[in-house]
Amino acid sequence: MVKSSATVPTEHARRYMIQLCKHFGHKVETRFDDHEGRIRFEMGEAKLRARPEALLLVVETEGEEALARLEGVVASHLQRFAFRENELAVDWRRGAPPAA
2 MVKSSATVPT EHARRYMIQL CKHFGHKVET RFDDHEGRIR FEMGEAKLRA
52 RPEALLLVVE TEGEEALARL EGVVASHLQR FAFRENELAV DWRRGAPPAA
């Protein structure tokens, strides 16, 4: 398994996490509460954690190609939901996520 993580600075982390989980929940299995979410895609899994100052993202798949694809899917949807925030940056880092 390969992993990638991103810390996305935003004051609206909880809102975006819930939007992502509800959106993808129409097609794939999701679980979420007020602070954490999980989205199980066919190609892998995304874990989300809402903090007051940021949204923490971790994606995990079997291979590099699927990882790049999953990074793109999660980032593009997040940026679409956060269109009011100018240039919301999703900078993925390969490997183990930072300590939460």
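In terms of my numbering, the sequence shown opens at residue 2 and continues consecutively.
Glycine is no exception: its CB is placed at the ideal position from the N, C-alpha and C atoms.
These numbers come from a predicted model, not from an experiment.
Count the other C-beta atoms from every protein chain shown that fall within 10 angstroms of the C-beta of residue 2, then say buried if there are 16 or more, exposed otherwise.
exposed
Residue 7 classed as buried or exposed, judged by whether at least 16 other C-beta atoms fall within 10 angstroms:
buried
Within this structure, are the beta carbons of residue 48 and residue 39 separated by less than 7 angstroms?
Yes, the Cβ-Cβ distance between residue 48 and residue 39 is below 7 angstroms.
DSSP-derived helix/strand/coil call for residue 42
coil
Let's test the definition: count the other Cβ atoms within 10 Å of the Cβ of residue 5 and tell me whether it reaches 16, buried, or not, exposed.
buried
Is the CB-CB distance between residue 43 and residue 60 below 7 angstroms?
no
Do you know offhand how far residue 88's Cα is from residue 22's?
22 angstroms
What number of angstroms, rounded off, separates the C-alpha of residue 64 from the C-alpha of residue 30?
Those two C-alpha atoms are separated by around 21 angstroms.
Would you give the residue range spanned by the alpha helix (DSSP H) that residue 81 belongs to?
65-82
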